[in-house]
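One rule links them: number in my numbering = place in the sequence shown (from 1) + 12. One structure is given here, and the rest of the page talks about it.
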Amino acid sequence: MGYSDTKGDFEWANAIEFANTIGLTSRNNNIFTRGSMVDISYRALNINLKDSQNTLLEKIKAYRAISGIPIEEPYVIVFKDKIIEKEVRDILDRKEGKIFNTDLEGIHFLFLSSYHDGNIKSLDDLKFSQI
Numbered sequence: 013m014g015y016s017d018t019k020g021d022f023e024w025a026n027a028i029e030f031a032n033t034i035g036l037t038s039r040n041n042n043i044f045t046r047g048s049m050v051d052i053s054y055r056a057l058n059i060n061l062k063d064s065q066n067t068l069l070e071k072i073k074a075y076r077a078i079s080g081i082p083i084e085e086p087y088v089i090v091f092k093d094k095i096i097e098k099e100v101r102d103i104l105d106r107k108e109g110k111i112f113n114t115d116l117e118g119i120h121f122l123f124l125s126s127y128h129d130g131n132i133k134s135l136d137d138l139k140f141s142q143i
């Protein structure tokens with residue numbers, strides 16, 4: 013975030029008070045939980061960096077370390093093409109049951125050459141992944 017105790021931005025002994033003043037924390041007690049860490053992480057991404065109008069999240073996006081694509085809730089995929097569904101199920105080693113969009117995140121290609129004879133009816137199912 014650009015703040016430094018060695019450059020005089022704050023004193024280590026008063027780090028919590030300083031964090032409160034810049035909006036990094038809002039601790040009113042001495043209890044620190046995992047939820048507290050999540051809150052601090054979220055706040056760190058959304059407050060301005062030192063001497064800047066940009067947030068840490070904006071800086072990270074500018075360096076293309078993350079995309080601006082919002083994270084979506086997992087949803088069930090209903091396959092239109094049975095051949096593509098079979099290949100995906102084989103890769104996932106899941107013969108039956110629901111397949112969610114998040115299940116496809118590790119699939120980068122499908123080997124469909126044995127189906128080149130025109131049996132694939134639709135490629136719409138590929139829109140759910142980065143294949």
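Note that the Cβ used here is the ideal one computed from N, Cα and C, for glycine as well. As the structure is a prediction and not an experimental result, all values here were calculated from the model.
Using three-state DSSP, classify residue i as helix, strand or coil.
i, result
"residue 45", "coil"
"residue 90", "coil"
"residue 112", "strand"
"residue 37", "coil"
"residue 58", "helix"
"residue 52", "helix"
"residue 95", "helix"
"residue 22", "coil"
Taking just the CA atoms, how far does residue j sit from residue i?
i, j, result
"residue 149", "residue 95", "The question about residue 149 has no answer, for the chain in this structure spans 13 to 143."
"residue 113", "residue 89", "6 Å"
"residue 115", "residue 32", "40 Å"
"residue 34", "residue 25", "16 Å"
"residue 92", "residue 124", "16 Å"
"residue 14", "residue 105", "47 Å"
"residue 57", "residue 50", "11 Å"
Since I believe residue j is in contact with residue i (beta carbons under 8 Å), could you give me their beta-carbon distance rounded to a whole number of angstroms?
i, j, result
"residue 69", "residue 55", "Not quite, the Cβ-Cβ distance comes to about 11 Å (not below 8 Å), so this is no contact."
With DSSP as the reference, identify every bridge partner of residue i, one or two as the case may be.
i, result
"residue 67", "60"
Should residue i go down as buried or exposed, given a rule of 16 or more other Cβ atoms within 10 Å for buried?
i, result
"residue 85", "exposed"
"residue 99", "buried"
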